[in-house]
Amino acid sequence: MTTLTLAKALGLGLRRALEDDPRVVIMGEDVGTLGGVFRVTDGLQADFGADRVMDMPLAESGIIGTAVGLAFRGYRPVCEIQFDGFIYPGFDQIVAQVAKLHYRTAGNVRMPITIRVPFGGGIGAVEHHSESPEAYFTHTSGLRVVACSNPQDGYSMLRQAIASDDPVLFFEPKRRYWVKGEVDETLDLPLHAARVVLPGTDVTLVTYGPLVSTALDAAAAALADGISIEVIDLRSLSPVDFATVEASVRRTGRLVITHEAAQFGGVGAELAAVITERCFEHLEAAPARVTGFDTPYPAAKLEEHFLPDLDRILDAVDRVLGRQNSLTGWVASA
Amino acid sequence: MRETVSADNELAELLGPDWVPVQLLTPDGDRVAHPDYDPWIADLTDDDLVALYEDLVVVRRIDTEATALQRQGELGLWPPLLGQEAAQIGSARALRDDDFVFTSYRENAVAYCRGVEIAELMPVWRGTALSGWNPFDVGMATPAVIIGAQALHATGYALGCQKDGVDSVAIAYFGDGATSQGDVNEAMIFAASFHAPVIFFCQNNQWAISEPVGLQAARPIAGRAPAFGIPSMRVDGNDVLAVMAATRIALDRARNGGGPMFIEAVTYRMGPHTTSDDPGRYENPAEKAEWAAKDPVDRLERLLAAAGLLTDGVRERVASRAAAVAAELRAGCLGLADPEPLTVFDYVYATGDPELERQRSQYSAYLRLFDAGQFGDAS
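These protein sequence lines are chains P and B, in that order.
Per full-length UniProt numbering, the first sequence runs over residues 1 to 334.
Per full-length UniProt numbering, the second sequence runs over residues 1 to 379.
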């Protein structure tokens, strides 16, 4: 057991993958000498060589597209996209090639490509550096889409993503890169299993990535009010481990979903729909979503309003509990 | 028709002496000497020339038969390669088995050369499958429909060959239209940066559906590659010998660590873009007639005839081979069964997905209701 930041844990995961399998190659912008803009690949090129940790020209379609060719040749490329907002130039290669080649070739061609994407806001960055593009990829069959929330998951899930014979979009919450946690290298968690982070009885609160810790803060605050919140870290956004969420909602009867991505067509919309379909008779209230607004990601000085925080989450908890909330209005004497 | 960037006279001026396509075989079937290219095909025997002729005739017949199958309603679509036989045969016959080919959707002659079973050309166009062959059996990837995507795949594959320390080469086929795509340009940048053993083979057939090449390129396409640090050749794409020589030059260079190379095979799409296209709306009859006189099959036939190689025996053998391939194609097409409904769920992931399994079992149960007569006739 070692205590590491999320960034270091991810770097360790990459290091172990490079050690274990000579077919693993890391590809990206600035991943070599610099060690990545977030230093996740720090030291890897020095230890494994420029042939395995490759600084690529600044073209995302080029990075993903050449990874496809390497996968044809039997390699297991791990691509780093520098920032969430930069993934769009590589979108076509991801959704039209990486996602579909296995299906298109009736299983003859495998695409064991991992695409790492630092995502989300909260670091006061400029435009295109704080986005949450995960829903675009969950809508495409053939891709696995996951988001880690802590150093242990960062390490374990990244190892599994690289080992997976399916392509994996691997989202890393950049505002959590510097948060420390214990990492057990022997711990093996299934890649697409959700995790109950905190058991509770009154409300199921589902989230992933950067908001897991915010959700835990909200649960702690609610407990002071006598409300018991069960916090679930979804971990895999496609496919979703609905069974874990269903089991929880059957017990609590109430569901709140929170993510940084915009609401419309987001992961929360799918969760709300599926859980309503499958648990309708167990629900005491309509599921509530607490998300980024349906706006472009705003300027840094506005992001505290855009990003779901503890109070917005608690407001939704009040809503599903039928307590006074921002939609019903507050009664002064209540 | 939209305004093109270069009027014909301007283009001729731009081409200049350096960009006249290399030709070893004239439309009249005369062999033209070229000091740089000749050595690369000096080994071709009379039998080799006859074999190339057979290839040209057979793939033209494949094209004719498939077009007929489409017109008869047996295929949903077909992209003819009429006029481009020499570009595809000359290049593909230069490859080694351990080279790897990434193509667009029009390279059926390349697939033929790679040893793809004739019947395996059909499922995609009949709509029974998304691909027809296992890429690893023949060293040729499933064709890419989004033009240009495969140029990057070839470059990545070439990087893999380089890492593996083998002298296999990757080749990407694309058309003039694809050179407008970012992916082709990114592929050239990546290939040059890493010195990847990849050949970019552009069949400039003058048309991107209805758009003339002038709309894609204000200068000869082969002229772009040098600016990426990639040497290029511009050859007569209707001259199977020039194409073969150029491809061999590029292959040899790539195998020996020379890095990528770009070939522009200047040819002409004599038919429609696909069987759904109506070239009557945009093509220039005079231009087409001019290219018809430069036919790739005719010119090799003339060479063989002049050399006394086109005996009745050869003619018969080639004709019977073409007929046999056509029959195989037709039988293969008509013999394709519709896929089983539940196979729609197969191969989405290499490893399972419980949610997809749920959809499969629900749909399976739904279909069984028809079998049980509860919803009426499922057929």
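C-beta atoms are modelled at their ideal positions from N, C-alpha and C, and glycine is treated no differently.
If you're wondering where the values come from, they're calculated on a predicted model, not measured in any experiment.
- Positions of the alpha helix (DSSP H) runs, each at least 4 residues long and wholly inside the segment 198 to 286 of chain B, are given as 225 to 228, 240 to 255 in order along the chain.
- With contact defined as three or more Cβ pairs closer than 8 Å, the segment 169 to 178 of chain P and the segment 219 to 236 of chain P are not in contact.
- Going by C-alpha positions, I123 (chain P) is about 42 Å away from D346 (chain B).
- Nearest to G28 (chain P) by C-alpha distance, out of P:S61, P:T252, P:V145, is P:S61.
- Contact note: R175 (chain P) does not reach chain B at a C-beta cutoff of 8 Å; the least C-beta distance is about 30 Å.
- Annotation: D233 (chain P) is outside any alpha helix (DSSP H); the continuous beta strand (DSSP E) that includes it extends over 229 to 233.
- In this structure, A222 (chain P) sits away from V197 (chain P), with a CB-CB distance that is not shorter than 9 Å.
- The contact set of I146 (chain B) on chain P, defined by CB atoms closer than 7 Å, consists of D92, A96 in chain order.
- Residues of chain P with a Cβ closer than 7 Å to the Cβ of V348 (chain B) are, in chain order, Y103, S141, G142.
- In the DSSP secondary-structure assignment, H259 (chain P) is bridged to P:T291.
- Taken through DSSP and simplified to helix, strand or coil, D55 (chain P) comes out as strand.
- Per DSSP, reduced to three states, the secondary structure at E185 (chain P) is coil, with no helix or strand assignment.
- For C79 (chain P), the three-state secondary structure derived from DSSP is strand.
- Within chain P, no C-beta atom comes nearer than 8 Å to that of L251 (chain B); the closest sits roughly 18 Å away.
- Uninterrupted beta strand (DSSP E) stretches at least 3 residues long and entirely within the segment 4 to 33 of chain P occur at 24 to 28, given in chain order.
- Contact with chain P is absent for I62 (chain B), since none of that chain's Cβ atoms lies less than 9 Å from the residue's Cβ.
- When rounded, the separation of the alpha-carbon atoms in G127 (chain B) and Y363 (chain B) is 21 Å.
- The beta-carbon distance between I171 (chain B) and L241 (chain B), rounded to whole angstroms, is 18 Å. This is too long to meet the 8 Å contact definition.
- In the three-state DSSP reduction, S149 (chain P) falls in the coil class, being neither helix nor strand.
- Shortest Cα-Cα distance from D236 (chain B) to any of B:R321, B:T247, B:A322 involves B:T247.
- Note on E340 (chain B): under 16 other CB atoms within 10 angstroms of its CB, so exposed under the neighbour-count rule.
- The beta carbons of Q150 (chain B) and D176 (chain B) sit no closer together than 9 Å.
- What C161 (chain B) touches in chain P, judged by beta-carbon distance under 9 Å, is R73, going in chain order.
- The beta carbons of L327 (chain P) and R319 (chain P) sit closer together than 9 Å.
- Under the three-pair Cβ rule at 8 Å, the segment 3 to 14 of chain P counts as touching the segment 141 to 154 of chain P.
- Taking C-beta separations shorter than 6 Å and ignoring five residues to either side along the sequence, the partners of S130 (chain P) in its chain run G121, Y297, following chain order.
- Shortest Cα-Cα distance from N150 (chain P) to any of P:G181, P:F38, P:T140 involves P:G181.
- In the three-state DSSP reduction, F345 (chain B) falls in the helix class (H, G or I).
- Rounded to whole angstroms, the Cβ separation of V59 (chain B) and Y112 (chain B) is 6 Å, and the two are in contact under 8 Å.
- DSSP places G175 (chain B) in the uninterrupted beta strand (DSSP E) bounded by 170 to 175.
- P:I257 is the residue among P:A59, P:H102, P:I257, P:G35 whose C-alpha sits nearest the C-alpha of L211 (chain P).
- Within its own chain, the residues whose Cβ lies closer than 7 Å to the Cβ of Q181 (chain B), once the five positions on either side in sequence are excluded, are I147, G148, listed in chain order.
- A straight-line Cα-Cα distance of about 10 Å links P296 (chain B) and G29 (chain B).
- With contact defined as three or more Cβ pairs closer than 8 Å, the segment 81 to 96 of chain B and the segment 242 to 261 of chain B are in contact.
- Using a Cβ distance threshold of 9 Å, D46 (chain B) and L24 (chain B) do not count as a contacting pair.
- Using a Cβ distance threshold of 9 Å, L152 (chain B) and F190 (chain B) count as a contacting pair.
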